[in-house]
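Below you'll find the structure, written out as structure tokens, and then a few comments.
Chains as they are written, first to last, in full-length UniProt numbering: chain A, 1 to 429; chain B, 1 to 429.
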């Protein structure tokens, strides 16, 4: 823990550490004891400690299943009142575990700590945290154990922050008190890619907030994306690490604190997307916008959007006018595809599409890295690496620090390995 | 339910009913649905409805077992934070069940309803309830679903009211808003005695608060004793009835509202007492008080106390002084007997007792009835009935509306049946 402490004090000026323990890290009484021991060791090393806990693994699902039994679409206010009990239980048990090991501890719920959110039940956003209350609790050597995931709105209704919201609670509390944040979970950090796919994957020592956000599909398994946004906004250094070992994990930090510029930091695979292609759409201003507005009204999120001139553009007619056509390709999650089809069938005539094609047998492979900004030719190298494996690219989209390709599902693992090792991310054999 | 409504309006002037559902009545999702249907039926009959819920059966024990795993003597504040989640879960689920059946409902926790208690964790007492908040919630046809058992102290810490505390929550809420209180449980009322012992036992239609308190050992199975004290203090009519039938249960009401004066209302059996006998104690002022003060310091509750001249009083000596001796008999719970023995061993010399005898093979049989006050000869009849069965009485104590006898354990059931049928409480054969 000493190594950790040093690193953390580099990021935060006060000797205060926020430690968040996820569902598996508090999944049994024994694991709660282990987590309590870590918090106490951190305190003995000279720090004030705030512990944030998730619900015991499986508990939130158990509670939500009860709600589903009663109603197919349960009232969000009551769902939050229900689900928030999971973290309350963990917080009380963690406080008891710390006390049983000779420490001082008190559990604090959203309404007790003044974690004020908006009233968007099940996906509330934190507006304020009573940092003074927290400092008061800590002043006499008490470890404050805060129930994650929950807050209250201005009227005192219980709200929750959405799945994985305890990460966001932890980062927000760390921001409020100017602390660094340790996220203890069941993996030991963020990897260059999924080790189950690519055995040469290795743990990333430091990664920037921006890269972490782009690596969502890798990162979401270890750190809730919204918590990264909050960390970036307030400059909270976040250390993602394993509950079950003392080894350092991955630091998620500001760009200026991340390591020397490697070109590519990680390779992400997203199996959850499906492709929609509007073929031969009229290329007039506003036409494409209409399609996406209709999707947005249905709360369907669109990820990649690619527009290209269509093969169906007709030659100039007798009046000299060219009927300009364009093809529009976009991706939605597989879960949204059926609803997307409904929307598109009603929009097909409006946008003048000749045809709409749907493809589910597709995955998205992405490379992410701050270094791309200063290294030319990264995209070309990506295409070469895929071509060398005879993998056809179905669509491409790029951002400043990310390049994504759609490829057929059967190439998913091959593409990841080719890119991962081709960009030199693997551990030396 | 119409019959119920009529009876309730006799007790309370406003058309507001508090309905409390115990652990077995909300023990499964199906039972929660049934309870919700009852609340909605009551609303449709023209009443405003407040529902108070206990934790789902077994949940409180599950939570407390987790705490015990972490600590043999867990911190009471954290135990309350932990245990109170059981009722929070029930309240949210009940609100969802009411909504699923087309009603309006909101769950309300202790801190949301302003159920302010003292800070005596695990056995807090209610100091105030925000009745206006409750009226506001009810105004638009919402059924307010209040988590029982819990409150908050002035500092916002979560407190609980002790085992069975949801009954007390219900009666206190009913008192605050001037309502009658229905307690739905897994038995259909208070019986003249335990039907498992005495097959002729019958349901009592109306019973006074005073009798209910004296019948603790019968009544505690259906209604928490402290809730009866609160009901008596505020004159809240309480209807104890089954969740699983429409039949009326037992009304617990003020003396003036109870039925015509029967001599004996019920027969109670308490298997939980043990007898301690101080033989030949110096009969000087203050001596006996010392023994009971010592027990009280150890938090040992004493039930019956009987003092009689001792056979060990010595005749007048040469100086004419009589060494007056007395025997003191008292009862403590079997659970407290070991600690009582420790205290008595250290007190034996102080009080000058010749001997201390302990007896665990003993039960207490009591008859209770307001009618005793005006009927002479009830005690004599009790002794006759026991004598007719050759049951020896080991000790007797009486209060205004109760007579208790200690008898050997082997006579327990026989004594109950003899008294129950001897006082004409049984259903006609």
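Backbone N, C-alpha and C define an ideal beta-carbon position, used for all residues, glycine too.
Check, Outcome
"Pair within 8 Å by beta-carbon distance, residue 406 (chain B) and residue 241 (chain B)", "no"
"Identity of the residue in A:118, A:184 and A:100 nearest residue 51 (chain A) by Cα", "A:184"
"Residue closest to residue 78 (chain A), alpha-carbon to alpha-carbon, out of B:67, B:93 and B:64", "B:93"
"Residue 256 (chain B) at chain A interface by Cβ criterion, 8 Å", "no"
"Within 8 Å of chain A by C-beta, residues of the segment 38-67 of chain B in sequence order", "63, 66 and 67"
"Three CB pairs or more closer than 8 Å across the segment 177-197 of chain A and the segment 145-159 of chain A", "no"
"Per-residue burial, residue 298 (chain B) [other beta carbons within 10 Å of its own, 16 or more giving buried]", "exposed"
"Terminal residues of the alpha helix (DSSP H) in which residue 86 (chain B) lies", "76-100"
"Contact check, residue 82 (chain B) vs residue 89 (chain A), beta carbons under 8 Å", "yes"
"Beta-bridge partners of residue 42 (chain B), as assigned by DSSP", "According to DSSP, residue 42 (chain B) bridges with nothing at all."
"For residue 330 (chain A), the first and last residue of its enclosing beta strand (DSSP E)", "325-333"
"Rounded C-alpha distance that separates residue 233 (chain B) from residue 341 (chain B)", "37 Å"
"Sequence ranges, beta strand (DSSP E) only - wholly within the UniProt domain \"ACT\" (367-429) of chain B, length at least 3", "395-399 and 402-408"
"Nearest candidate by alpha-carbon position, reference residue 348 (chain B), set B:375, B:294, B:416 and B:224", "B:294"
"is_contact[residue 111 (chain A), chain B] using C-beta, thresh 8 Å", "yes"
"Distance between residue 391 (chain B) and residue 410 (chain B) (C-alpha atoms, nearest Å)", "10 Å"
"Neighbour list for residue 424 (chain B) in chain A, Cβ cutoff strictly below 7 Å", "Chain A residues near residue 424 (chain B): none, gap ~48 Å exceeds 7 Å."
"Limits of the beta strand (DSSP E) - the one that residue 182 (chain A) falls within", "180-185"
"Proximal chain B residues relative to residue 29 (chain A), where beta-carbon distance stays under 9 Å", "66, 69 and 70"
"Classification of residue 31 (chain A) by the beta-carbon crowding that lies within 10 angstroms, buried from 16 upward", "buried"
"Reference residue 361 (chain B), options B:375, B:334, B:377 and B:385, closest by Cα", "B:334"
"Inter-residue Cα distance where the pair is residue 153 (chain B) and residue 106 (chain A)", "15 Å"
"Contact belief for residue 408 (chain A) with residue 389 (chain A) at Cβ below 8 Å, rounded distance in angstroms", "With a Cβ gap of about 12 Å, residue 408 (chain A) and residue 389 (chain A) do not count as contacting."
"Residue-chain proximity (residue 411 (chain B), chain A), Cβ-Cβ < 8 Å", "no"
"Cross-strand partners of residue 239 (chain B) (DSSP beta bridge)", "B:182 and B:251"
"Under the three-state DSSP convention, the category residue 140 (chain B) falls into", "coil"
"Cβ-Cβ distance between residue 273 (chain A) and residue 331 (chain A) below 8 Å", "yes"
"Spatial distance of residue 118 (chain B) from residue 191 (chain A) (CA atoms)", "52 Å"
"Own chain, CB closer than 7 Å to residue 47 (chain A), minus 5 neighbours either side, in chain order", "5, 15, 16 and 17"
"N- and C-terminal bounds of the beta strand (DSSP E) containing residue 347 (chain B)", "Counting along the chain, residue 347 (chain B) falls outside any beta strand (DSSP E), though it belongs to the alpha helix (DSSP H) covering 337-351."
"Residue span of the beta strand (DSSP E) that contains residue 123 (chain B), given as start and end", "That residue, residue 123 (chain B), is in no beta strand (DSSP E); it is neither H nor E in DSSP."
"Minimum Cβ-Cβ distance from residue 130 (chain A) to chain B less than 8 Å", "no"
"Proximity to residue 385 (chain B) [Cα-Cα], best of B:419, B:243 and B:373", "B:419"
"Proximity of residue 396 (chain A) and residue 367 (chain A) at Cβ, strictly below 8 Å", "no"
"With 16 other Cβ atoms within 10 Å as the buried cut-off, status of residue 346 (chain B)", "exposed"
"Three-way DSSP call (helix, strand, coil) for residue 189 (chain B) in this model", "coil"
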